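Below is one structure, written out as structure tokens; the observations come after it.
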Amino acid sequence: MSKQKLSVLAKAARVSITATAAAAILPVAVTLLAAESHRPPHTPSAVVVSYDPGVGAVPRFTDPRAALGAPSQINPFGEPTDPFNPPYGTNQIVSVGAGGHLALQFHTPILNHPNNLAGLDFTLFGNTGFIITNEFDLTSFDWVGIPATDGTMFGFSTGEILVSASRNGEEYFLLDPAQSPAVDHFPPTDGAGDPGVPVAPGLTPADFVGTTLAELRALYQGSAGGASFDLDAALDSRGQSVFLPEIRFIRIDVLSGRAEIDAISAVNRVSRGRP
């Protein structure tokens, strides 16, 4: 059962819930969340350097190891992760509140390579989702018709969040917010997509008005979604551009509000012979 369905049922029962803890409305949900959801088998590609939950982090979502590995593919009720049903298990996302931060070290460097797809270098995945605008049938416990969105989102961060990168873990360089996407915002995660493929630059939530999941995926063009960053946006302490050929560390600082982080993935390079 998706987070949006749980939210609808909660409203019907006049129960107030938060987006990240939606599954708590049913006793069985608590059991399933305790059992945790599933990530694809993998060897963690990163380690946690430091984590401070800050003020306002969601209780029970404070294990920074949740941000390691690939973006989530299966949610706590066994349903696929997609842009209508983003990750929300306690082992899928870590919550960072105001004044808090999360810093990760990557075993394999993330390269600022000229052949990276769309000129982007890494993607940060949160737990934002597109709102389904169909009516909900409380008898069948399902949406009426093929679920579609009007482009509005839920679960997105409204705070001020900075992303910095480092080669050595000591000297970090801010990625210019004016040249970088918002964290834990658009575009939502699609567990069926490739985390190494960024969503086409220039797409906005308005481009998804009236789209079903199939139509949304056509716009994603095989991407797993997420906010993709360009290391060429790095600035030194004086606000001057600095070239980072590769990085091993990424730090997320939440100055206000809150952010939920699922994963960070390097962007693929264009294959040889590909136009």
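Using numbering that gives the first Met the number 0, the first residue of the sequence shown is number 0, and each one after it goes up by one. Beta carbons: idealized from backbone N, C-alpha and C, even for Gly. Quick caveat, the model's predicted, so the values are computed rather than measured.
Assuming residue i and residue j are in contact, meaning their beta carbons sit under 8 Å apart, how far apart are those beta carbons, in whole angstroms?
i, j, result
"residue 262", "residue 68", "6 Å"
"residue 85", "residue 195", "Contact flag wrong, Cβ pair sits at about 19 Å."
"residue 97", "residue 250", "Between residue 250 and residue 97 the Cβ distance is about 16 Å, and since that is not below 8 Å, they are no contact."
"residue 100", "residue 252", "5 Å"
"residue 243", "residue 233", "5 Å"
"residue 201", "residue 224", "Not really, about 15 Å apart at Cβ, beyond 8 Å."
So, with DSSP's three-state summary, where would you put residue i?
i, result
"residue 50", "strand"
"residue 206", "helix"
"residue 128", "strand"
"residue 192", "coil"
"residue 231", "helix"
"residue 118", "helix"
"residue 65", "helix"
"residue 276", "Past the edges of the chain, shown from 0 to 274, lies residue 276, and the structure says nothing about it."
"residue 25", "At residue 25 the pLDDT is 29, less than 50, meaning the model places this residue with poor confidence; the figure from the coordinates comes in the next sentence. Here residue 25 sits in coil by DSSP."
Quick check: what's the CA-CA separation for residue i versus residue j?
i, j, result
"residue 190", "residue 122", "14 Å"
"residue 20", "residue 127", "Because the pLDDT of residue 20 is 38, which lies under 50, any placement of that residue in the model is unreliable, and the question is left without a value."
"residue 159", "residue 254", "5 Å"
"residue 203", "residue 209", "13 Å"
"residue 197", "residue 187", "12 Å"
"residue 265", "residue 207", "25 Å"
"residue 22", "residue 239", "Low confidence applies to residue 22: its pLDDT is 34, below 50, so where it sits in the model is not reliable enough to give any reading."
"residue 44", "residue 107", "7 Å"
"residue 147", "residue 82", "11 Å"
"residue 174", "residue 1", "34 Å"
"residue 177", "residue 57", "28 Å"
"residue 120", "residue 183", "17 Å"
"residue 275", "residue 71", "In the structure as shown, the chain begins at 0 and stops at 274. Residue 275 is therefore absent and cannot be evaluated."
Which stretch, first to last residue, makes up the beta strand (DSSP E) that contains residue i?
i, result
"residue 250", "245-253"
"residue 163", "160-165"
"residue 257", "257-260"
"residue 150", "148-153"
Where do the ends of the alpha helix (DSSP H) carrying residue i lie?
i, result
"residue 218", "212-219"
Requested in this report: Give, in chain order, every unbroken run of the beta strand (DSSP E) that is at least 3 residues long and sits entirely within the segment 71-115.
Outcome: 93-96, 100-110
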